[in-house]
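Student:
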Amino acid sequence: MIRGLRQIEPYVAGAQPAEKNMIKLNTNENAYGASPKVREALANFDADDLRKYSTLDQADLRAALAENLQVRPEQLMIANGSDDALSIAFLAFFNNDEPVLFPDLTYGFYKVWADLYRVNYYEVPLAEDFTIKTEDYLADNGGIILTNPNAPTGIFKPLDEIEAILKANQDVVVIIDEAYINFGGQSAIPLLDKYDNLVITRTFSKDAALAGLRVGYAIANEPLLAVMNAVKHSINPYSVDLLAEHLATAAIEDWSYYQANAQKIQESRAWFSQQLRELDFEVLPSKTNFVLTKPAGISAAALFKALEARKIYVRYFPKVERIKEYLRISIGKQEEMEEVVKAIEELRG
Ligand SMILES: *Cc1c(COP(=O)(O)O)cnc(C)c1O
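Going by the working numbering, the sequence shown opens with residue 1319, and the numbers climb by one from there.
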């Protein structure tokens, strides 16, 4: 009998099937590929450069991002995906006795980090209409984390409501996870001028089509960022690899390409949502690159299986009581969404 083994229920990430010729709409990846500058940077990358460790502070990437986001480089910390930035933030900021608050329906990883790091937490039920109620986040707490727009609902919480939460909680850290912010939401970045308790996390995985590269970042004022950097350098100082920094910098330099694709995705989202509503599906209003929908005329479970048989992969959460009758469908290219609508029409008969 070996003592001291940790028991932990891990986060269950979306499946990554190895098949070719599938329509993959289960993990909110970007259907449009790398920009010309990213391709060129990859082709010209000298493998010998990998002989050395990566940089410690990602100065090039931070400089490019700072200009793109209109913040100071000192307000940015780069991480190995935003999961890494979020995990560091949990360790850095959630060390109070009072519970950390997050919605009962949000990014499933928050609960896993809280358990792993032995952080006290309370899952605040979303309202009946799946919105985050501001008044639920005004009472005493040990910190707050919200995804905005939220996942898996897709619903955006207006900035004045985010500000009310920041204002009422200036003695704890409030993290806003903006993984999907560039699909129609409004960033909390301007609020950094007024609130030192704000931390924003972002990722290159969704809007920048670089999920496999693993790059994310945190934006905050210097006092909080110093704590995050101390934690980062207590775990894995070289966590951002050299190639990742190089290609992410190229992506920022080609940002208009990604903005144009985000625009196309929003147009396909509007079209797809309308098609589903015409089939009497319930569709939550989304500002992300996915929609959460409740099928009509067929159960979520049956539709999930039937789509899978046609190599159309979407996300189904049978264990999450509130949405077990819903499917989360990423917005791919317009042709892909047209195929999905056709398949659904056929399956419903
Ligand atoms: C995808 C996602 C992440 C993780 O992003 P990575 O940069 O790929 O680690 C974090 N938060 C939310 C809400 C996400 O949807």
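Glycine included, C-beta positions come from ideal geometry on N, C-alpha and C. Note that this is a predicted model, so its numbers are computed, not measured.
Going straight from the alpha carbon of Ala1562 to that of Tyr1435, what length do you get?
Tutor: If you take the alpha carbons of Ala1562 and Tyr1435, they lie about 27 Å apart.
Student: Which one or two residues does DSSP pair with Ser1648 in a beta bridge?
Tutor: Answer is Phe1608.
Student: Please go through the same chain and pick out, in chain order, the residues whose beta-carbon is closer than 6 Å to the beta-carbon of Ala1624, but skip the five residues on each side of it.
Tutor: Leu1665.
Student: Would you kindly report the start and end of the unbroken beta strand (DSSP E) that includes Asp1495?
Tutor: Taken as a continuous stretch (DSSP letters only), the beta strand (DSSP E) holding Asp1495 covers 1492-1495.
Student: Straight-line CA distance for Pro1508 to Asn1339?
Tutor: Taking the straight line joining both Cα atoms gives about 42 Å.
Student: Out of Lys1524, Tyr1455, Pro1470, state which residue places its alpha-carbon closest to the alpha-carbon of Val1490.
Tutor: Answer by Cα proximity: Tyr1455.
Student: Quick one: Cα of Asn1348 to Cα of Phe1501, how far?
Tutor: One C-alpha to the other measures close to 11 Å.
Student: Going by the beta-carbon positions, is the gap between Asn1386 and Trp1573 smaller than 7 Å?
Tutor: Contact: yes.
Student: Give the straight-line distance between the Cα atoms of Glu1626 and Val1632, rounded to the nearest whole angstrom.
Tutor: Going by the C-alpha atoms only, they are around 8 Å apart.
Student: Just confirm the distance between the C-beta atoms of Asp1495 and Leu1404, as a whole number of angstroms; I'd bet it's less than 8 Å.
Tutor: 7 Å between Cβ atoms; contact.
Student: Between Ser1523 and ligand 1, is the CB less than 6 Å from at least one heavy atom?
Tutor: Answer for Ser1523: yes, Cβ within range of ligand 1.
Student: Between Pro1470 and Leu1383, is the Cβ-Cβ spacing less than 7 Å?
Tutor: No, Cβ-Cβ distance for Pro1470 and Leu1383 is not below 7 Å.
Student: Taking C-beta to C-beta, are Tyr1498 and Pro1476 nearer than 7 Å?
Tutor: No; because the gap between Cβ atoms is not below 7 Å, this pair is not in contact.
Student: What span of residues does the alpha helix (DSSP H) with Tyr1371 cover, start to end?
Tutor: Looking at the DSSP string, Tyr1371 is not in any alpha helix (DSSP H), and its letter there is neither H nor E.
Student: Taking the alpha helix (DSSP H) that Ile1406 belongs to, which residues open and close that run?
Tutor: 1400-1411 is the extent of the alpha helix (DSSP H) around Ile1406.
Student: Answer with buried or exposed for Ile1320, where buried requires no fewer than 16 other C-beta atoms within 10 angstroms of its C-beta.
Tutor: Answer is exposed; the Cβ neighbour count stays below 16.
Student: Using the Cβ count rule (16 or more neighbours within 10 Å means buried), how would you classify Arg1520?
Tutor: By the 10 Å Cβ count, Arg1520 comes out buried.
Student: Which of the three DSSP states is assigned to Val1659 in this structure?
Tutor: Helix at Val1659.
Student: Measuring only the C-alpha atoms, how far is Ala1536 from Glu1663?
Tutor: Ala1536 and Glu1663: Cα-Cα distance of roughly 42 Å.
Student: Measuring alpha carbon to alpha carbon, tell me which residue in Tyr1439, Thr1424, Asp1433 is nearest Ile1450.
Tutor: Of the candidates Tyr1439, Thr1424, Asp1433, the one whose C-alpha sits nearest the C-alpha of Ile1450 is Thr1424.
Student: From the DSSP output, in three-state form, read off Arg1520 for me.
Tutor: In this structure, Arg1520 counts as strand in the three-state DSSP scheme.
Student: Please return the same chain residues whose Cβ sits closer than 6 Å to the Cβ of Ser1586, not counting the five positions on each side in sequence.
Tutor: Excluding residues within five positions, the ones whose Cβ falls inside 6 Å are Ile1649, Gln1652, Met1655.
Student: Looking at the secondary structure, which residues open and close the alpha helix (DSSP H) in which Leu1343 lies?
Tutor: Where Leu1343 is concerned, there is no enclosing alpha helix (DSSP H), given that its DSSP letter is neither H nor E.
Student: So if DSSP puts Val1558 in a beta bridge, which residue, or which two residues, is it bridged to?
Tutor: Beta-bridge pairing links Val1558 to no other residue.
Student: DSSP three-state call for Pro1508: helix, strand or coil?
Tutor: The answer is helix: DSSP assigns Pro1508 an H, G or I state.
Student: Could you check whether Leu1542 and Met1395 sit closer than 7 Å to each other, using their CB atoms as the reference points?
Tutor: Against a cut-off of 7 Å, the Cβ pair of Leu1542 and Met1395 comes out as no contact.
Student: Residues in the same chain with beta-carbon distance under 7 Å from Asn1677, minus the five sequence neighbours each way, listed in chain order, please.
Tutor: The chain is shown from 1319 up to 1667; residue 1677 falls before or after that span and cannot be answered.
Student: Look at Ala1614 and Glu1643 and say whether their C-beta atoms are less than 7 Å apart.
Tutor: No, Cβ-Cβ distance for Ala1614 and Glu1643 is not below 7 Å.
Student: With the cut-off set at 7 Å, would you say Phe1474 and Lys1605 are in Cβ contact?
Tutor: In contact: Phe1474 and Lys1605 (Cβ atoms closer than 7 Å).
Student: What separation, rounded to the nearest whole angstrom, lies between the Cα atoms of Lys1370 and Pro1555?
Tutor: Their Cα atoms are separated by approximately 14 Å.
Student: If I'm right that Ala1566 touches Val1533 with Cβ under 8 Å, what's the distance once you round it to whole angstroms?
Tutor: With 8 Å as the limit, Ala1566 and Val1533 qualify as a contact, their Cβ atoms being about 4 Å apart.
Student: Give the straight-line distance between the Cα atoms of Glu1657 and Phe1622, rounded to the nearest whole angstrom.
Tutor: Distance between the alpha carbons of Glu1657 and Phe1622: 15 Å.
Student: Would you report the Cα separation of Asn1438 and Asp1458, rounded to the nearest angstrom?
Tutor: Spanning the two alpha carbons is a distance of roughly 13 Å.
Student: State the DSSP-derived secondary structure class of Glu1274, mapped to helix, strand or coil.
Tutor: Given that the chain is displayed from residue 1319 to residue 1667, the structure contains no residue 1274 and the question cannot be resolved.
Student: Under 7 Å between the Cβ atoms of Trp1431 and Phe1411?
Tutor: Contact: no.
Student: Counting C-beta neighbours from all protein chains within 10 Å, is the total for Asp1402 16 or more, i.e. buried, or is it exposed?
Tutor: With 16 or more other Cβ atoms within 10 Å, it is buried.
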